Every structure is written in C-alpha cells, then in structure tokens.
Amino acid sequence: MGKLLCFLEKLKNLFKNIFLPPSCLHCRKKLTDDSQNLICLKCWQKIEINSGFFCPECGRRLYQPQKTCHLKVPFILAAVGFYQNKVLRSLLHALKYKGAKEAAGILASLMILYFQKSKLENSLNDQQFILIPLPLHPAKKRRRGFNQSEILAQELLKRTKNFFLPLETKALIKIKNNAPQMELENFEARKENVKNCFFIVKPELIKGKNILLLDDVFTSGATMNEAVRVLKASGAKKIIGLVIAKA
Ligand SMILES: [Zn+2]
Ligand SMILES: [Zn+2]
C-alpha cells in the first residue's frame, strides 16, 4: 500500500512537472537546475542576511548577543533579514499560506547562514539553549493545518550540525485565540490583544533555561514580548527571540 501511494505521488509530480514546470516563487521565471528549490539563483542572491542583533524596544543594532540598550526588555532580537526584502517576503508568504514545507527548508538554511554570520552559533555552542517555536491557539492551528513556527523549528533542527538544540513544544501553549495582530493599528491595542494569551504548562521545563524563541516575523513585537514575559515569570534565564524577518 505504502509503495503504491509512493508511486502515485511520483506519478503526480511527474505530470505536474510536465504540465506546470516549476517556476520561481518570487519572480515566476522558469527554474533551472542551479536554483534553490523554490526560488531562482538570482532571487536567492537578493536575500540579504543580517550579521547582528537588535534591541526589541527601539530596533537599534547590537553587535553582541548579550547586551541590549533597553534593559527593561529582558531579551534580544535575532533577525535573519528584513521584511522589506521582497524575496524573503515571498518565502514567508508561501510558508504561511500555502503550507509549503519547501519554503520552511529554504528559510531554515537562511537561519543557519545567519547563525554563522552573526556568530550566534558560538553562543549556541557554549551555552545550552532550548528551542521553543511560538505556539498557535489549537483552534487556529486546526484551521491552518500546521504551525509555521513549528515547521521552521523542525526544518532548522534537520540542518544543525555544530550544536545541540533540543526542541520544546509542550511547555508553552497559547490559551487565548486573539484577533490577528495585523487587524490592530497601534501598539497599545496589540499589547492588550495578546495580554495573557500564553500559559506555561510545565514550568519545570523552563526554569533556569536559556531559550531560543522562534517566530516567523517580528512586527510590533507585542506577541513576542508577551511570550517572553510568561517565560521569564517561570524562571527562564536568557532569552533570544529568533525571527526570519524584522519589520
Ligand atoms: Zn526568481
Ligand atoms: Zn533599545
């Protein structure tokens, strides 16, 4: 049965490639062999990868992952790139709305490049971190069929060779199915919208831990701030907010 399904899947892909030859997700140009799966080489080269970190409060660039200018924010932001980058935006859009695991694979490769460029890899090597993808509310996850941050985390772990990063998806959950942040205009409304939306089920898994908190995009930061607040209240040590793109 498994073999038959596998064969049918291959047949389906063959037909798809004949009648709908793969084109670049961003520029729609026909893909050649040297492309990076979903995007052409030209678009791949247009993605700019950051080399440092950011203060989540004021957006200032930080060159060390341990120092932030606004001390009341108990975490630093590690952003692979900027949301203004159109190719990156196309990949993020594919990840969220088409459920494309391939997009997650490419984004995970970009994360690895960022770890090297920013030297975050050294911190992950020296200090033990656990990886927590930002959870979705169960109803929202059911509707979408997946949690994009979780898929990113899984694809990232397939590619980490130089450090050990345990995945933790059971400790932090989302208990409030709030309205999408994009529908709200100002920071105060967004902050209110996500207030008490997270809950720590297993504080013993958080206490004393260094945490890499993963999400796809950082816009106002209200969601990540709220998650950091509850993680800190449960005794988390150091927190780095890792996102693909910062607005
Ligand atoms: Zn392209
Ligand atoms: Zn600052």
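So for the sequence shown, the UniProt record's numbering puts the first residue at 1; every next one is plus one. From the three backbone atoms N, C-alpha and C, an ideal C-beta is built for every residue, glycine too. Small disclaimer: the values here were computed from a predicted structure and weren't measured.
Is any heavy atom in ligand 2 found nearer than 8 Å to the beta carbon of residue i?
i, result
"Gly52", "no"
"Glu168", "no"
"His93", "no"
"Gly59", "yes"
"Cys55", "yes"
"Thr68", "yes"
"Val228", "no"
"Val73", "yes"
Pull up the CB-CB distance for residue i and residue j, whole angstroms please, since I reckon it's below 8 Å.
i, j, result
"Ile239", "Ile211", "5 Å"
"Leu134", "Leu213", "7 Å"
"Leu165", "Leu231", "16 Å between Cβ atoms; not a contact."
"Leu136", "Ile49", "Not confirmed; about 27 Å, so no contact."
"Glu226", "Phe163", "Actually they are not in contact, since the Cβ atoms of Glu226 and Phe163 sit about 28 Å apart, beyond 8 Å."
"residue 315", "Glu150", "Only positions 1 to 247 of the chain appear in this structure, which leaves residue 315 out of reach."
To which residues of the same chain is residue i closer than 8 Å at the C-beta, ignoring the five residues directly before and after it?
i, result
"Ala108", "Leu152, Glu155, Leu156, Lys158, Arg159"
"Ile112", "Leu156, Arg159, Thr160"
"Ala245", "Ala79, Val80, Gly81, Phe82, Tyr83, Asn85, Leu88, Arg89, Leu92, Asp216, Val217, Phe218"
"Cys58", "Cys69, His70"
"Ser118", "Asn50, Ser51, Gly52, Phe53, Pro65, Ala78"
"Leu95", "Ala103, Ala104, Leu107, Gln148, Ile151, Leu152, Asp216"
Considering only residues of the same chain and omitting the five flanking positions on each side of residue i, which have a CB-CB separation below 7 Å?
i, result
"Lys140", "Asn177"
"Ala236", "Ile206, Lys209, Ile211"
"Thr68", "Cys55, Leu62, Ile76"
"Ser234", "Ile200, Pro203, Ile206, Lys207"
"Leu31", "Pro22, Ser23, Cys24, Cys40"
"Cys197", "Lys174, Ile175, Lys176, Asn178, Glu226"
For a test of your reading of the model: does the CB of residue i fall under 8 Å from any non-hydrogen atom of ligand 1? Yes or no.
i, result
"Lys42", "yes"
"Lys29", "yes"
"Ile106", "no"
"Ile47", "no"
"Ile39", "yes"
"His137", "no"
"Cys6", "no"
If you follow the beta strand (DSSP E) that residue i is in, where does it begin and where does it stop?
i, result
"Lys105", "Note on identity: in this sequence residue 105 is Gly, with Lys being the wrong assignment. First-last for Gly105: 101-117, but that is the alpha helix (DSSP H), not the beta strand (DSSP E)."
"Lys246", "239-246"
"Asp215", "210-218"
"Ala233", "Segment 222-233 is the alpha helix (DSSP H) holding Ala233; no beta strand (DSSP E) there."
"Leu136", "Leu136 -> no beta strand (DSSP E), and no H or E assigned at all."
"Phe198", "198-200"
"Phe82", "76-82"
"Ile173", "172-174"
Who are the near neighbours of residue i in its chain, counting only those whose CB is closer than 6 Å to its CB and skipping five residues on each side?
i, result
"Arg60", "Cys69"
"Cys27", "Cys43"
"Pro241", "It should be pointed out that residue 241 corresponds to Gly in this sequence rather than to Pro. Hits under 6 Å: Phe75, Leu77, Leu213, Met224."
"Ser123", "Pro65"
"Lys46", "Val87"
"Ala247", "Tyr83, Thr219"
Starting from residue i, trace the alpha helix (DSSP H) both ways and give me its first and last residue.
i, result
"Ala94", "86-97"
"Leu31", "First-last for Leu31: undefined, no H or E at that position."
"Val194", "187-194"
"Arg159", "148-159"
"Glu57", "No alpha helix (DSSP H) contains Glu57, which DSSP labels as neither H nor E."
"Cys43", "41-46"
"Leu124", "120-126"
Three or more C-beta pairs under 8 Å: does that hold for the region 75-84 against the region 143-152? no
When the Cβ atoms of the region 220-232 are set against those of the region 187-195, are three or more pairs found closer than 8 Å? yes
Would you check if the region 200-219 and the region 122-132 touch, i.e. whether three or more CB-CB distances between them fall below 8 Å? yes
If you pair each beta-carbon of the region 28-45 with each one of the region 57-68, do three or more pairs fall below 8 Å? no
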